[in-house]
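*Asks:* Handing you this structure, nothing more for now.
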Amino acid sequence: MNIGLPHLLFLSCALFFIGIYGFLTRRNMITMLMSVELILNSVNINFIAFNKYLFPDKLDGLFFTLFIITIAAAEAAVAIAIIINLYRNYHTIDVEEVDNMKF
Amino acid sequence: MAVTSLKIFRAAVFLLFSLLGVAGLYFYLDYEFIAAVQIIVYVGGIVVLIIFSIFLTHGSGGYMKSPAWGRIIFSAIAATLGCALTIGFINNQSFSANDKPKVIPSAGEIGAQMLSTTEHGYILPFEVVSMLLLAAMIGCIVIAIKIKIPTQKVLKADIDEPYETIKPPVADSNEPGVAIQ
């Protein structure tokens with residue numbers, strides 16, 4: 072069976088909504104960060120699939136994927152620095168218990 | 008499983024394997040450079056960073072609280088409906104295949120186009136993203152650094168003494184972390 076563009080789009084759609092589900096159910100900051108990584112990966116799959124099947128003569132989707140990977144790395148690093156600082160101050164990383172800025 | 012496992016370390020390992028699967032998909036699509044970048048950055052960088060932060064905050068084998076059933080049900084309904092809607096859109100959409108000559112994305116070609124200043128060059132986003140990485144790195148250090156005592160008093164008092172005579176900073180009771188608790 073030949074794997075075409077719709078199959079890849081189904082896969083990335085499923086990965087995106089698995090990430091959405093995890094982001095909505097999890098209350099732990101590290102696991103929410105993992106869900107965000109899944110969502111960004113599904114977007115990357117979309118870019119690569121469109122670039123491969125619809126515009127094989129260009130490389131634009133590939134560059135977008137590279138920049139998204141870079142930004143995901145920066146985001147993960149900053150998020151983990153925040154998480155560690157939060158744990159140092161509150162001794163928990165549950166988002167329901169850290170509510171000092173809620174009014 | 009990366010989003011449902013109650014053991015946080017297992018969730019991280021499941022995330023690692025799903026990222027490896029995505030890298031395998033890139034290999035299947037003949038984009039070897041992207042697959043290599045995916046493995047290096049995600050598997051080698053981000054998952055290791057996540058596992059480190061798990062060790063720093065939880066210890067190795069902690070169970071998390073199970074989320075509330077109402078939240079699980081509503082999130083599952085929302086995700087399923089959104090997934091069904093998107094799959095319906097994809098099914099109705101017909102994609103016209105493009106039969107232009109294929110560009111083999113070798114690493115040299117990617118580098119040449121990324122650093123070119125012509126019409127399809129990506130030099131400006133490249134520079135912007137490098138500045139963003141620098142800012143993120145400095146921001147991480149500033150956020151995660153541990154401030155023991157107010158620095159101004161120490162600098163004025165100890166500036167003329169040799170290094171060995173500086174006393175170790177005493178943990179003050181009005182340190183911000185302690186004060187909040």
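Here the protein sequences line up with chains P and S, keeping their order. If you want the working numbering, it's the 1-based position in the first sequence plus 71. If you want the working numbering, it's the 1-based position in the second sequence plus 7. Ideal Cβ positions, reconstructed from N, Cα and C, are used throughout, including at glycine.
1) Which residues in chain P sit within 7 Å of leucine 32 of chain S, going by Cβ to Cβ distance?
2) Shortest alpha-carbon distance to isoleucine 148 of chain S belongs to which of P/Ser83, P/Ala150, P/Asn171, P/Val166?
3) Is the beta carbon of tyrosine 38 of chain S less than 8 Å from the beta carbon of isoleucine 119 of chain P?
4) What does valine 149 of chain P touch in chain S if you count any residue whose Cβ is under 8 Å from its own?
5) With a threshold of 6 Å on Cβ separation, who are the neighbours of alanine 164 of chain S within its own chain once the five nearest residues in sequence on each side are excluded?
6) Around the Cβ of glutamate 108 of chain P, are there at least 16 other Cβ atoms within 10 angstroms (buried) or fewer (exposed)?
7) Would you grab the beta carbon distance between leucine 76 of chain P and phenylalanine 102 of chain S for me? Rounded to a whole angstrom, and I think it's under 8 Å.
8) Checking contacts by CB at 8 Å: is isoleucine 110 of chain P closer than that to chain S?
9) Would you list the one or two residues that DSSP bridges to aspartate 165 of chain P?
10) Is alanine 86 of chain S buried or exposed, if buried means 16 or more other CB atoms sit within 10 Å of its CB?
11) Note down, in chain order, each residue of its chain lying with its Cβ closer than 7 Å to the Cβ of arginine 17 of chain S, except the 5 sequence neighbours on either side.
12) If you measure beta-carbon to beta-carbon, which residues of the region 56–67 of chain S are closer than 9 Å to chain P?
13) Give a yes or no on whether the C-beta atoms belonging to valine 29 of chain S and isoleucine 116 of chain P are separated by under 8 Å.
14) Quick check on valine 136 of chain S - is its C-beta less than 8 Å from some C-beta in chain P?
*Replies:* Based on what the coordinates show:
1) Within the second sequence, residue 32 of chain S is the residue found at index 25, counting from 1. Under the 7 Å cutoff, chain P gives Ile116.
2) Looking up residue 148 of chain S in the second sequence gives position 141. Nearest in C-alpha terms to isoleucine 148 of chain S, of all of P/Ser83, P/Ala150, P/Asn171, P/Val166, is P/Ala150.
3) Numbered from its first residue, the second sequence carries residue 38 of chain S at position 31. Numbered from its first residue, the first sequence carries residue 119 of chain P at position 48. The answer is yes: Cβ separation under 8 Å.
4) Within the first sequence, numbered from 1, the residue matching residue 149 of chain P stands at position 78. The contacting residues are Ala143, Gly146, Cys147, Ile150.
5) Counted from its first residue, the second sequence places residue 164 of chain S at position 157. Reliability fails at alanine 164 of chain S, whose pLDDT of 49 lies under 50, so the model's placement of it is uncertain and no value is given.
6) Numbered from its first residue, the first sequence carries residue 108 of chain P at position 37. Counting Cβ neighbours within 10 Å, glutamate 108 of chain P comes out buried, since at least 16 surround it.
7) Counting from 1 along the first sequence, the entry for residue 76 of chain P is found at position 5. Counting from 1 along the second sequence, the entry for residue 102 of chain S is found at position 95. Indeed they touch by this definition, with Cβ atoms about 5 Å apart.
8) Residue mapping note: residue 110 of chain P aligns to position 39 of the first sequence, counting from 1. No, because no Cβ of chain S sits closer than 8 Å to the Cβ of isoleucine 110 of chain P.
9) Against the first sequence, residue 165 of chain P aligns to sequence position 94. Answer by DSSP bridge pairing, in chain order: P/Asn99.
10) If you number the second sequence from 1, residue 86 of chain S lands on position 79. Buried, since its Cβ has 16 or more Cβ neighbours within 10 Å.
11) Locating residue 17 of chain S in the second sequence gives position 10, where the first residue counts as 1. No residues qualify anywhere along the chain.
12) Leu56, Ile57, Phe59, Ser60, Ile61, Leu63, Thr64, His65
13) Looking up residue 29 of chain S in the second sequence gives position 22. Looking up residue 116 of chain P in the first sequence gives position 45. Yes; because the gap between Cβ atoms is below 8 Å, this pair is in contact.
14) Against the second sequence, residue 136 of chain S aligns to sequence position 129. Cβ-Cβ to chain P under 8 Å: yes for valine 136 of chain S.
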